[in-house]
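To start, the structure under review is shown below, and the notes come after it.
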Amino acid sequence: MNRRQFIRTGGSLAAAAQLRSQTNEQIERYRNTALDLLKPGARDLDYGTRIHQEALVFDAYGFSPRAAVDGDAVRALAEEGASEMELQDQREEMTMTRAAVDEGERAEFVRAWNASGVTCIFQNCGEESNDPLRLIKRLARFTYLTDRLRGVLRRAVTPEDVERSHRDGVGCLYFTGNGVPLTQQWNSVEDELRYVRIFFQLGIRMMHVTYNRRNRLGDGCAEVANGGLSDFGRAAVGEMNRVGVIVDVAHSGWQTSLDAARESTKPMVASHTTCGGIFPHIRSKPDRVMRAIADTGGYVGICCIPRFLRRTGDIRALLDHVDYAVKTIGADHVAIGTDIAYRSTRSAAESRKVPRRGPTRTRFAALWPADDFVETPAMTRSLAWTNWPMFTVGMVQRGHSDETIRKILGGNVLRVARAAHS
Numbered sequence: 005m006n007r008r009q010f011i012r013t014g015g016s017l018a019a020a021a022q023l024r025s026q027t028n029e030q031i032e033r034y035r036n037t038a039l040d041l042l043k044p045g046a047r048d049l050d051y052g053t054r055i056h057q058e059a060l061v062f063d064a065y066g067f068s069p070r071a072a073v074d075g076d077a078v079r080a081l082a083e084e085g086a087s088e089m090e091l092q093d094q095r096e097e098m099t100m101t102r103a104a105v106d107e108g109e110r111a112e113f114v115r116a117w118n119a120s121g122v123t124c125i126f127q128n129c130g131e132e133s134n135d136p137l138r139l140i141k142r143l144a145r146f147t148y149l150t151d152r153l154r155g156v157l158r159r160a161v162t163p164e165d166v167e168r169s170h171r172d173g174v175g176c177l178y179f180t181g182n183g184v185p186l187t188q189q190w191n192s193v194e195d196e197l198r199y200v201r202i203f204f205q206l207g208i209r210m211m212h213v214t215y216n217r218r219n220r221l222g223d224g225c226a227e228v229a230n231g232g233l234s235d236f237g238r239a240a241v242g243e244m245n246r247v248g249v250i251v252d253v254a255h256s257g258w259q260t261s262l263d264a265a266r267e268s269t270k271p272m273v274a275s276h277t278t279c280g281g282i283f284p285h286i287r288s289k290p291d292r293v294m295r296a297i298a299d300t301g302g303y304v305g306i307c308c309i310p311r312f313l314r315r316t317g318d319i320r321a322l323l324d325h326v327d328y329a330v331k332t333i334g335a336d337h338v339a340i341g342t343d344i345a346y347r348s349t350r351s352a353a354e355s356r357k358v359p360r361r362g363p364t365r366t367r368f369a370a371l372w373p374a375d376d377f378v379e380t381p382a383m384t385r386s387l388a389w390t391n392w393p394m395f396t397v398g399m400v401q402r403g404h405s406d407e408t409i410r411k412i413l414g415g416n417v418l419r420v421a422r423a424a425h426s
């Protein structure tokens, strides 16, 4: 049953109004794809929509809606002879901040956010690095975005800020970095870790231990060796616990994840991952790792990446992983960390203005195993970031209680955030 059919069959006016209150052709296409796959009855659609509308929804790891680049400006920069690094930096800045300065992008940002029903995003504000200068770029950009979108978007620095935003009906970002910032001076362990506190003071509330590859803290998820956490990594976990930064092993190797769970004295997380018991992938976590994370009081966030989810690779696969995680580690330890972003409807047209370049080398941090998986449009559309209300409808269909759904939607992330501050 798609949205129009539901309205015709006499579903509640409140649910119908919610479905059509914030939409555009793209958002509606995404939503109808999810509805066609889920085929919810009127009762489940109505009930799920209302739960979602009322709940505090906290994306355990994700990205705020991305604007289109200014294609003419990027093309002019390329014609001036800008390096690939300059061009990439310009594209990144535009997608992250143009909603602050362009009225059309701002309007679409607001529409997408409202369609999602999300209260807060644990926003990725770092690059895949331990270099403080690289980590600070996105942090600056999202700080700028929240400064310029006042009344629409806030920067949250405490769990109470998130709760206040929910009460006020305003979106907010809670910042995470993609690495532990290191000075690379190696004078002492304490000196090397002093930027953890500095970045906490700048608003970062969660940090990756590793990102795919091995670093000084431990092995990433793509390293064959699976060597675990180093002595320095143990010290880093201790410092994050002390300062109030959540330890995140989403991209860490399985042994590194286990070691971090044993070392952490506060709840730690795999903010955006999948269940290896359903589909083993380097980015998944096997049962023993999920249980170790749960034993700290933390959570496992299920992501919206078809390649990691497999099975059907769509919204039904996401719900399969949620179900499996609830059965394996309990409802108190499951969240949804989408790891995706809504993209402006103008993105494709603006990107076509930018001159194409030839083949490029694989990015160092990528290190993904080769496979023959083919991602289809139906998969990505059904898992679109604006389909958060459909995730809730799906959980209603699967028989999860209201209490469980509210925990998965945001209660568990908020609880771990509180524990980090204690």
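Sequential numbering of the sequence shown, starting at 5, is according to my numbering. For glycine and all other residues, C-beta sits at the position ideal for the given N, C-alpha and C.
| Asked | Found |
| --- | --- |
| Whole alpha helix (DSSP H) runs in the stretch 143-202 with 4 or more residues, listed along the chain? | 163-172 and 193-196 |
| Comparing C-alpha positions only, which one of D172, I282 and L262 sits nearest to V273? | L262 |
| Would A321 pass as an interface residue toward chain B - the criterion being a Cβ-Cβ separation below 7 Å? | The structure shown has no chain B; it contains just one protein chain. |
| Going by beta-carbon coordinates alone, are V397 and G52 separated by less than 7 Å? | yes |
| In angstroms with no decimal places, state the Cα-to-Cα distance between T408 and G155. | 31 Å |
| Relative to the alpha-carbon of E267, which residue among R360, V247 and G237 has its alpha-carbon at the smallest distance? | G237 |
| Is R7 buried or exposed, if buried means 16 or more other CB atoms sit within 10 Å of its CB? | Here R7 scores only 31 on pLDDT, less than 50, and its place in the model should not be relied on; the value that follows carries that caveat. Under this definition R7 is a buried residue. |
| Using a threshold of 7 Å, state whether the C-beta atoms of T123 and H56 are closer than that. | no |
| In three-state DSSP terms, what is K141? | helix |
| CA-CA distance, E88 and R95? | 10 Å |
| Among residues of its own chain, excluding the 5 on either side of V193, which ones have a beta-carbon nearer than 7 Å to its beta-carbon? | F236 and A239 |
| Quick one: is R410 buried, meaning 16 or more other Cβ sit within 10 Å of its Cβ, or exposed? | buried |
| Have a look at A144, Q259, G302 and G45 and flag the residue whose alpha-carbon is nearest the alpha-carbon of V228. | Q259 |
| What is the rounded straight-line gap between the Cα of R12 and the Cα of D50? | No answer about R12 holds up, because its pLDDT of 37 lies below 50 and its placement is not dependable. |
| Between F179 and G248, which are expected to be in contact by the criterion C-beta below 8 Å, what is the C-beta distance as a whole number of angstroms? | F179 to G248, Cβ: 13 Å. No contact. |
| For A423 and M244, what's the separation of their Cα atoms in angstroms? | 12 Å |
| According to DSSP, is V251 helix, strand or coil? | strand |
| Are the CB atoms of A71 and E109 within a distance shorter than 7 Å? | yes |
| Using the three-state DSSP reduction, which class does A64 fall into: helix, strand or coil? | strand |
| So, with DSSP's three-state summary, where would you put Y34? | helix |
| By the DSSP assignment, the alpha helix (DSSP H) with H285 in it spans what residues? | Note, H285: premise wrong, no alpha helix (DSSP H); not H, not E. |
| Please go through the same chain and pick out, in chain order, the residues whose beta-carbon is closer than 7 Å to the beta-carbon of I286, but skip the five residues on each side of it. | C225, A226 and P373 |
| If you reduce the DSSP assignment to three classes, tell me which class S426 lands in. | coil |
| Do the stretch 368-385 and the stretch 325-343 make contact, defined as three or more Cβ pairs closer than 8 Å? | no |
| I need the straight-line Cα distance from N28 to V61, nearest angstrom please. | 22 Å |
| Taking 8 Å as the threshold, find out whether the stretch 308-319 comes into contact with the stretch 130-146 through three or more Cβ pairs. | no |
| Give me whichever residues DSSP pairs with I208 in a beta bridge. | F179 |
| Closest to I412 by C-alpha separation, out of Q401, F395, H425 and S426, would be which residue? | F395 |
| Could you tell me how far apart the beta carbons of L186 and E196 are, in whole angstroms, since I believe they sit closer than 8 Å? | 6 Å |
| Give the straight-line distance between the Cα atoms of A382 and S405, rounded to the nearest whole angstrom. | 28 Å |
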